[in-house]
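Below is one structure; the comments refer to it alone.
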Amino acid sequence: MRNSGVISLAAALALTGAAAACADATPQRVVSINLCTDQLAMMIAAPEQLVSVTTMARDPRASVMAEQARAYPTNNGLAEEIYLLDPDLVLAGQFSARATVSMMRRLGVEVVEFAPAQSLKDVSANMVKMGEALGRADVAREMADDFARHLSDINPTQGRRPTAATYAVNGYTSGAQSLSGEIIDTAGFATLAAQFGLPAGGFVPLEALVMADPDLVISGADYPGTARAEEVLSHPALTRLTGGHMPMQDKDWICGLPSVLDAIGELRAEREKLEQDE
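If you count by mature numbering (1 follows the signal peptide of the UniProt record, and there is no 0), then the sequence shown holds residues -23 to -1, 1 to 255, one letter each, in order.
Right under this line is the structure:
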């Protein structure tokens, strides 16, 4: 019995130590240096766990959480300013602020990188990954499950799928093998890019777009002081298209967030309107 008591005490101490180690492993000062990780972290982080987000997070043209971001100090993703924030975890995009990511790792700061969401499945996966990074796995899993439930509630499209083309800077259009392409597909459209042999998207000359005459052209919102590369978006030739036109802001689908459900809803409403006009 005495040995049993010693073993029980040892087991209890081991469990206590393990719990303390887990608590210590949970990051307490998290800094995000990417627009998409900004928003995921704001959704999932515990109160006071996230100490800074990028300045882009406050831009209502780029961020669906611009208002919430005002509660956080901002950063420009520069190595020196990030290090002075004394983070124990930095959240970064796979392709952003590479010099800062490299410097943080050399200084011994943990960095977790997130690849851009290329599909609706990636949206859920990045939620779960963020939860694991922040020690908030249960919160993230619940959010991911809720997102999946809402997706499953969307009724599949019956009958003809009208064609839709995103048209962005320099004539870039999204393909079906991209997040925006999958959003378009889920809303009941077929991406025009497939007709041009661009499954992942690519550049389509304005003349080719006009000749294809898709049922719907989805373009970004116009901003004052835009670059010459964006002049194609207001070219008079686009007025010759007989289909519909729908502006969507980058924030609607640039990041893999639960808000992509709103983009799907808006596109489905547009498809229904096109069907009524036929």
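No residue lacks a Cβ here, since even glycine has one placed at the ideal position from N, Cα and C.
Status (buried if at least 16 other CB within 10 Å, exposed otherwise) for residue 34: Start at 1 with the first residue of the sequence shown, and residue 34 comes out as number 57. Under this definition residue 34 is a buried residue.
Top-ranked residue by Cα proximity to residue 166, from 185, 191, 76 and 180: Residue 166 sits at position 189 when you count from the first residue of the sequence shown. Of the candidates 185, 191, 76 and 180, the one whose C-alpha sits nearest the C-alpha of residue 166 is 191.
Whether residue 121 touches residue 90 by CB criterion (8 angstroms): Here residue 121 corresponds to residue number 144 of the sequence shown, with the count starting at 1. Here residue 90 corresponds to residue number 113 of the sequence shown, with the count starting at 1. Contact flag unset, no.
Nearest-angstrom beta carbon gap, residue 152 and residue 171 [assumed within contact, 8 angstroms]: As a first step, residue 171 is located in the sequence shown; it is residue number 194 there, counting from the start. As a first step, residue 152 is located in the sequence shown; it is residue number 175 there, counting from the start. Contact between residue 171 and residue 152 holds: CB atoms are separated by about 7 angstroms, below the 8 angstroms threshold.
Per-residue burial, residue 173 [other beta carbons within 10 Å of its own, 16 or more giving buried]: Taking the sequence shown and counting its residues from 1, the one referred to as residue 173 is at position 196. Buried, because 16 or more other Cβ atoms sit within 10 Å of the Cβ of residue 173.
Residues sharing a beta bridge with residue 196, DSSP: Numbered from its first residue, the sequence shown carries residue 196 at position 219. Under DSSP, residue 196 shares a beta bridge with 144 and 224.
Rounded distance between the beta-carbons of residue 17 and residue 234, thought under 8 angstroms: Position 257 of the sequence shown, counted from the first residue, corresponds to residue 234. Position 40 of the sequence shown, counted from the first residue, corresponds to residue 17. Rounded, the Cβ-Cβ distance is 7 angstroms, consistent with contact.
Three-state secondary structure assigned by DSSP to residue 183: As a working mapping, residue 183 is identified with position 206 in the sequence shown. Three-state DSSP puts residue 183 in a helix.
Beta-carbon spacing of residue 161, residue 150 below 8 angstroms: The residue labelled residue 161 in the question sits at position 184 within the sequence shown. The residue labelled residue 150 in the question sits at position 173 within the sequence shown. In this structure, residue 150 does not lie closer than 8 angstroms to residue 161 by Cβ.
For residue 221 and residue 139, the rounded distance between their alpha carbons: Within the sequence shown, the letter at position 162 stands for residue 139. Within the sequence shown, the letter at position 244 stands for residue 221. Cα to Cα, the separation comes out at about 11 angstroms.
Exposure label - residue 186; buried when at least 16 CB within 10 Å: Start at 1 with the first residue of the sequence shown, and residue 186 comes out as number 209. Buried is the call here.
Beta carbon of residue 67 nearer than 8 angstroms to that of residue 88: Along the sequence shown, read from residue 1 onward, the residue named residue 67 stands at position 90. Along the sequence shown, read from residue 1 onward, the residue named residue 88 stands at position 111. For the 8 angstroms CB-CB criterion, residue 67 and residue 88 form a contact.
Nonlocal neighbours in the same chain, by C-beta distance under 7 angstroms from residue 107, ignoring five residues either side: Translated into positions along the sequence shown, residue 107 becomes position 130. If we look at residue 107 and ignore the five residues flanking it on each side, its Cβ neighbours are 17, 18, 21 and 117.
Supposed close pair residue 239, residue 38 - CB separation, criterion 8 angstroms: Taking the first residue of the sequence shown as 1, we reach residue 239 at position 262. Taking the first residue of the sequence shown as 1, we reach residue 38 at position 61. At roughly 16 angstroms, the Cβ-Cβ gap does not stay under 8 angstroms, so residue 239 and residue 38 are not in contact.
DSSP state of residue 85 mapped onto helix, strand, coil: By 1-based counting over the sequence shown, the position of residue 85 is 108. Three-state result, residue 85: coil.
Contact belief for residue 131 with residue 77 at Cβ below 8 angstroms, rounded distance in angstroms: Start at 1 with the first residue of the sequence shown, and residue 131 comes out as number 154. Start at 1 with the first residue of the sequence shown, and residue 77 comes out as number 100. Not confirmed; about 39 angstroms, so no contact.
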